[in-house]
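In what follows, a single structure is set out as structure tokens and then discussed.
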Amino acid sequence: MDQIKVDNFVKENPDGTFPKYVALDKESCAEIRLSLSERLEIDVSSGSMVLVNAIDRLGEICGRFNCDDDELDLKKTLSSLEIYWPEYVFINWYRYDDIDKVKFSDLANHFDDVWYPNVDDIDIFDETFTWVLSLTHYGVIKILRV
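This is how it looks when you write it as structure tokens:
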């Protein structure tokens with residue numbers, strides 16, 4: 027998680043607490059990359075962008091919203107996709123080398139504090155590795171069922 031997001035939250039909510047999250051270490055990120063690449067049956071030996079591009083290519087567009095006007099309701103989005111609300115989810119910030127683990131309820135309740143439209147491209151998934159929800163900085167939502 028970028029520190030600027032925590033700092034911005036504290037400025038806007040002086041009495042609030044930013045949602046707890048765990049930044050995964052390099053080994054844990056590598057294990058996740060391996061698990062996802064095995065489920066997708068792709069070889070990532072040439073680099074992690076292969077995984078990023080495969081998830082983007084294989085994902086199906088399931089919605090679009092105006093980043094400037096609409097608030098995304100993560101609970102409704104997962105429900106509409108018939109994905110149960112897991113206790114914890116992972117947020118991939120880049121090439122599956124910068125991943126945070128957070129309670130889904132915290133992410134859903136503070137989504138606008140965590141995901142910045144027009145800036146962040148993220149993938150959200152849980153420990154089952156059976157789905158990946160991708161959100162682009164320009165408002166496209168994709169789902170990949172693995």
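One rule links them: number in this note's numbering = place in the sequence shown (from 1) + 26.
Backbone N, C-alpha and C define an ideal beta-carbon position, used for all residues, glycine too.
Residue i in three-state terms, based on DSSP
i: ASP149; result: strand
i: GLU86; result: strand
i: VAL32; result: helix
i: ILE169; result: strand
i: VAL70; result: coil
Same chain, Cβ closer than 8 Å to residue i, neighbours up to 5 away in sequence not counted
i: CYS75; result: In the sequence on display, residue 75 carries Met and not Cys. Answer for MET75: ARG121, listed in chain order.
i: ASN34; result: ASP139
i: VAL172; result: LEU62, ARG65, LEU66, PHE155, THR156, TRP157, VAL158
Residue i burial status per 10 Å Cβ neighbour count (16 or more: buried)
i: THR156; result: exposed
i: PRO40; result: exposed
i: TRP141; result: buried
i: VAL36; result: exposed
i: LYS46; result: exposed
i: LYS168; result: buried
i: GLY85; result: buried
i: ILE150; result: buried
i: THR103; result: buried
Cβ shell of residue i (< 7 Å), same chain only, five flanking positions each side left out
i: VAL48; result: ASP126, LYS127
i: VAL145; result: HIS163
i: ALA80; result: LEU66, ILE68
i: LYS101; result: TRP111, ALA134
i: PHE137; result: LEU98, LEU100
Integer Cβ distance of residue i from residue j, believed to fall under 8 Å
i: SER160; j: ASP99; result: SER160 to ASP99, Cβ: 17 Å. No contact.
i: LEU77; j: ARG90; result: So it is not a contact: roughly 24 Å between Cβ atoms.
i: ILE87; j: VAL166; result: 6 Å
i: TYR114; j: ASP152; result: 7 Å
Cβ-heavy atom distance, residue i to the ligand NAP, below 7 Å
i: ASN79; result: As for the ligand NAP, it is missing from this structure, which has no ligand bound.
Please give me, in chain order, every unbroken run of the alpha helix (DSSP H) with length at least 4 that falls completely inside the stretch 116-165. Fully enclosed alpha helix (DSSP H) runs of 4 or longer: 130-135, 137-140.
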